[in-house]
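Below is one structure, written out as structure tokens; the observations come after it.
Number of protein chains: 4
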Amino acid sequence: MIIVFKSNITRKKEEAVLKEIKRLGYRPHIMRGVARTVVGAIGDELTHKSLEALATQFPDAVESVMPVQKRFKLVSREAHPANSTIAVRGTVIGGRKVQVMAGPCSVENEKQLLATAHAVRAAGATVLRGGAFKPRTSPYEFQGLGEKGLKLLAKARKETGLAVITELLSEDHAELVAEYADIIQIGARNSQNFQLLIAAAKTGKPILLKRGLAMRIEEWLLSGEYVLSNGNPGLMFCERGIRTFETCTRNTLDLSAVPIIKKESHCPVVVDPSQGSGRADLVIAMCKGAVAMGADALLIEVHPNPAEALSDGAQQLSLKGFAELMVELKPFIAAAGRE
Amino acid sequence: MIIVFKSNITRKKEEAVLKEIKRLGYRPHIMRGVARTVVGAIGDELTHKSLEALATQFPDAVESVMPVQKRFKLVSREAHPANSTIAVRGTVIGGRKVQVMAGPCSVENEKQLLATAHAVRAAGATVLRGGAFKPRTSPYEFQGLGEKGLKLLAKARKETGLAVITELLSEDHAELVAEYADIIQIGARNSQNFQLLIAAAKTGKPILLKRGLAMRIEEWLLSGEYVLSNGNPGLMFCERGIRTFETCTRNTLDLSAVPIIKKESHCPVVVDPSQGSGRADLVIAMCKGAVAMGADALLIEVHPNPAEALSDGAQQLSLKGFAELMVELKPFIAAAGRE
Amino acid sequence: MIIVFKSNITRKKEEAVLKEIKRLGYRPHIMRGVARTVVGAIGDELTHKSLEALATQFPDAVESVMPVQKRFKLVSREAHPANSTIAVRGTVIGGRKVQVMAGPCSVENEKQLLATAHAVRAAGATVLRGGAFKPRTSPYEFQGLGEKGLKLLAKARKETGLAVITELLSEDHAELVAEYADIIQIGARNSQNFQLLIAAAKTGKPILLKRGLAMRIEEWLLSGEYVLSNGNPGLMFCERGIRTFETCTRNTLDLSAVPIIKKESHCPVVVDPSQGSGRADLVIAMCKGAVAMGADALLIEVHPNPAEALSDGAQQLSLKGFAELMVELKPFIAAAGRE
Amino acid sequence: MIIVFKSNITRKKEEAVLKEIKRLGYRPHIMRGVARTVVGAIGDELTHKSLEALATQFPDAVESVMPVQKRFKLVSREAHPANSTIAVRGTVIGGRKVQVMAGPCSVENEKQLLATAHAVRAAGATVLRGGAFKPRTSPYEFQGLGEKGLKLLAKARKETGLAVITELLSEDHAELVAEYADIIQIGARNSQNFQLLIAAAKTGKPILLKRGLAMRIEEWLLSGEYVLSNGNPGLMFCERGIRTFETCTRNTLDLSAVPIIKKESHCPVVVDPSQGSGRADLVIAMCKGAVAMGADALLIEVHPNPAEALSDGAQQLSLKGFAELMVELKPFIAAAGRE
């Protein structure tokens, strides 16, 4: 911790602060600068008490307190310099191949799901996405088919060989969802629902952790830390847009998160351009950008008839649109040195 | 729903869109303007399918689709023109008296809690706050005392007569928390954790619903709708700051939310200036502003020794600071025509 | 400056960084902590070169670089511990009396302006606001009457004795506007138009500096520094809302800026609730909050017939609405210990 | 304009609103829906008065007012369906070739500028960037060499054949800057400094208009409208990041703006990854993403010794780093079907 003193501080006040720093288990180290005196408080910030309250406790003496250690450990590249990879049913995420996870926003019925599954598989997807439990802003909107939806996903997996990713909304459903899913998705609204993260981690299934709407990258890494520190190494981060003042997209897809996460962490990075833009007409451009910037996988909403969709129709690609996307992406995947 | 056509649309494309609108159960009503043709789609937006996918389905024809109905019902003033009030142990929230809920961020031990409870009661608070289950950004930070904390809150209630508010983090704890709490708090990170909202609502206890960090007011009202539509009328909204680009406060307290919620909804409005600023030195000014703007209650973090706090020390008032606040607030409460 | 080294740094790399720090004129001071080594670079950050490029120059060695000095000087309380006051035509801003500046968004014609001026004066305002040069998002919107508008303002001043505040948009108009105005307003869109700030400062007239839509408080103080460092002591800061994700107000009025600016700076603070909300129905509540939180003055848009206004009709109060506001504000002004 | 009535409105109130709509020159068209009555006000929104004040004027009757026309004209694809191209000294921006504009943040001295100019030309850049007038957050920071800097840019152009882009900060310098520059840059802080935009437009030189920190895309297009409506067809838009809550980049580069602007407008789109991230280590990934998403040009900060830079050292590439970037970009330019 670095403590910056106010410019006009007396020696007596300085000593009071130094005494408190020592009492909290740190060793203070004073540096007298030209305009400010600064104290380095030496001690492990992860195991000692925070000194941030010093500014409140000594308002006349302390101007600011700054931590110097990073707060995340297990997700960091320091802890694991090589890239992590996650294997599900023969599909490796985080390896040389850019994986595509595709499917409807919500599982609606057997016909819709199977038609989509066969089409996305034919176009090159390796994982089937589909929501069985749906978090909806309004209680009056379609909330998903629940377990019936999970069974349909399992059926689609059996027919197509695609691995299955689906969202977990409730701790109480963790075992149920893990029974059917190959990858458990934690949605943006639950990105700091730590109880849910712990319950998901404990199933042992790989976890795709979406970024929250107002989540700083450091907080996202710390949410990921909840997964790894609960004994589950199969974590991937999924950028899906943050909330900003811009209104012509649903969210602002922060593609810079891709190289930043790759730099700070060993975990694979996935990009969701459908939630990221909320507009099907932007999905192709977003996918190209994501691949060019180093994404390990894409998560794309596809529906046989977007206009009929029970949720988020405006952002789902048609089957034909998805097939075109997969063709258009190829040169960018090659340019990125991936498969 | 209002559908705006592109300026250069052909009659043939128009007809295709109109046909689709009818198929989805709406009656289209055409208005030919000077620069644009607009269609009013007549039908109940809350029970019919959304038309928002039309822009995707007919990209050459449809420029934009705008809903005209408000999406919330039970929380709205239209549904319940008078102010709601919530009574807990003789304390009425939403009535003439501005209530003050105060206590530590986290329940840490008996001595800390009882000292705080007696002090805040003496200064005029009527509800004791204190976290037993704590949502923490990092898994390495203090996570709360759990049930032991709840028992200490019950003990403090018994000694002081204060009602108790505490946060619920997990569906699995809903019954346990309801056993000890008079008011259940749903935190900012869980403001769209709909399963938790439903579980909390079903306990029958009054619910204080904090605003999420990136939550628009409409979304907040819709989260509240989950409480009322699950049979629990005891809902209050708590503004606690939103996340913006400003870094010199932890959050940006959006006090304009107070008059807006009072206008749109009948539910009481609470303001949390401690989370809202993250700085104890701003809490008094924030409280004055909140009362002046119509808040029904305040939720304030108080700790016998903020520098020793196991969480959020920088934003907690000392016992003395709280007592001073209560004195300084009086003229503003009177100016607002409250008690 | 504080330089944090990466955890795995070699002594050789350390020395290269230390050498560079010395070359740039700082004296390095090493602290070896438990998890990180930190260097305090001693030297005046305001006159020496920034060390922030070290992280780029030594990517394998340097994790982060943090300044410790505040970047503003003349606007700070350290430089001038007492409150500044600004006197214009007998009206003192920053003193015991809360001043009200009121008038139309745009000066439209003589009748509109004089009617407003007489009405706001009768209700208690002491400064007349009115835009002669208008910054408009679209080139097709009303751009103001220009010099004709300034002359009308001067006429209204002559008739009512009110001081006049009006916006300066162009360096080329600085002298012209200074000829007519008692206070020069720099708008939110020009809050970092430093050439305009310098030109305005050099007229010697008091300056009201609005906060930019995406301006951090530190940047606002630094823009104010351009005024004071160009020899003009008559600076006041005006909070008028920042841009956030919320869409039900035009901007998010950040009232916490009031106590923060009062703490960091000696300059008076004004609040503009009309721009801050964009909604006339919220203006009264906003004004009460602003006064309660310590604002020295209010800047309010008033129009004889808001529905006829050539700009921003939705946020202007009627003459009657303004008179009611002035009555309703009284108890809050008294509660704040002001006049 | 669409006017939505409140649900409980009386016929009498309806008539008062309709009368006002007619008085303002629109023809009202009533649609009675299931839950709401809606009025289409027929008339040209660009030439008629706005109806947005109706909600203020009739608070009991009018719930909301929504415009249906787009506010921009000359920059829109409707006005000019083909892509615009801009030619400067043989370099065509907006054509098949992706152009690279590179050079130092600030022109510091002859040696620095010439070394950079030769190096970026050798690596494939066609336009030289360099700031002669610098907008700086603090008045105590380096403000640029002014005209001396412009002369150095002209010298570098003469030696290398590169076209020159430089920023215009003041209306008073418009002619001076136009004398030296091939392209005039309007910076983010001046993106709504309409007087500056007009002065720049009138020089006849091509204009690169950066997006403001808090600028919605619609507002950006409208600022561009100031250029085209002042008789200058040579406009290009430059995305350089918006301000969000994220702190690990200086700004959040909104790459989705690239396909959106290409869709809404005919003008070329440039991306500035240096300002967009503030971190040299992210520039390469950002450039790849920008090219993949359809950018017509890149604007990149390059310095012979970033650690010595008088401004923004942390985000400037070294000469070697730039040359590597140009090599790494090639496959992505090819994948995008560009040269």
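Residue numbers (our numbering), protein chains in the order written: chain A, 41 to 379; chain B, 41 to 379; chain C, 41 to 379; chain D, 41 to 379. Glycine included, C-beta positions come from ideal geometry on N, C-alpha and C.
Here DSSP, grouped into helix, strand and coil, assigns residue 255 (chain B) to coil.
Burial is judged here by how many other beta carbons sit within 10 angstroms of a residue's own beta carbon; residue 174 (chain C) has at least 16 and is buried. In the structure shown, residue 67 (chain D) adopts extended strand secondary structure according to DSSP, grouped into three states. Of all residues in the segment 71 to 88 of chain B, the ones placed with a Cβ closer than 8 Å to any Cβ belonging to chain D are 71, 72, 73, 74, 75, 76, 78, 80, 82, 83, 84, 85 and 86, in chain order. Annotation: residue 350 (chain C) is outside any alpha helix (DSSP H) and is labelled neither H nor E by DSSP. Using beta-carbon distances, residue 316 (chain D) counts as an interface residue toward chain A, with a partner under 9 Å. Considering only A:178, A:372 and A:153, the residue with the shortest C-alpha distance to residue 265 (chain B) is A:178.
CA-to-CA, the gap between residue 357 (chain B) and residue 232 (chain C) works out to about 36 Å. Between residue 73 (chain D) and residue 78 (chain B), the gap from beta carbon to beta carbon reaches 9 Å or more.
Per DSSP, the beta-bridge partners of residue 277 (chain A) are A:249 and A:309. At least one CB of chain B lies nearer than 9 Å to the CB of residue 374 (chain C).
When 8 Å is used as the limit between beta carbons, residue 296 (chain D) is near these residues of chain A: 289, 292, 293, 316, 317, 322, 325 and 326, in chain order. Shown here, residue 119 (chain B) sits in coil according to DSSP, grouped into three states, outside any helix or strand.
The three-state secondary structure of residue 225 (chain B), taken from DSSP, is strand. Proximity to residue 169 (chain C) across C:147, C:95, C:48 and C:181 peaks at C:147, based on C-alpha coordinates. For residue 118 (chain B), the neighbours in chain D by C-beta distance under 9 Å run, in chain order, 46, 47 and 48. Each of B:138, B:91 and B:299 was checked against the Cα of residue 338 (chain B), and the nearest Cα belongs to B:138. Cα atoms of residue 205 (chain C) and residue 263 (chain D): separation of roughly 26 Å, rounded to the nearest angstrom.
The beta carbon of residue 211 (chain C) lies closer than 7 Å to those of 235, 236 and 239 in the same chain, with the five residues before and after it left out. Between residue 94 (chain B) and residue 133 (chain A), the alpha-carbon positions lie close to 35 Å from each other. Contact annotation: the segment 305 to 323 of chain C touches the segment 282 to 294 of chain C, with at least three C-beta pairs closer than 8 Å.
With fewer than 16 neighbouring CB atoms inside 10 Å of its own CB, residue 379 (chain D) falls in the exposed class.
With respect to chain A, the C-beta atom of residue 283 (chain C) has a partner C-beta closer than 9 Å. Counting C-beta atoms within 10 angstroms of its own C-beta, residue 84 (chain A) has fewer than 16 neighbours from the protein chains shown and is therefore classed as exposed. By the CB criterion at 9 Å, residue 280 (chain A) and residue 312 (chain A) fall inside the cutoff.
For residue 354 (chain B), there are no CB contacts under 6 Å within the same chain when 5 residues up- and downstream are skipped. Close partners of residue 333 (chain C) in chain B (Cβ separation under 7 Å): 325, 328 and 329.
According to the DSSP assignment, residue 375 (chain A) belongs to the alpha helix (DSSP H) that extends over 359 to 375. Using a CB distance cut-off of 9 Å, residue 104 (chain D) counts as an interface residue toward chain B.
Residue 233 (chain D) has a beta carbon lying within less than 9 Å of a beta carbon in chain C. Rounded to whole angstroms, the gap between the alpha carbons of residue 300 (chain A) and residue 145 (chain A) is 28 Å. Between the alpha carbons of residue 252 (chain C) and residue 252 (chain D) lies a distance of about 11 Å.
Across the segment 239 to 258 of chain C, CB contacts with chain B closer than 8 Å involve 254, 256, 257 and 258, in sequence order along the chain. Excluding the 5 residues flanking it on each side, residue 64 (chain D) has same chain C-beta neighbours closer than 6 Å at 89, in chain order. According to DSSP, residue 185 (chain D) shares a beta bridge with no other residue.
Residue-level contact check: residue 300 (chain B) touches chain C, since one or more beta carbons of chain C fall below 9 Å from its beta carbon.
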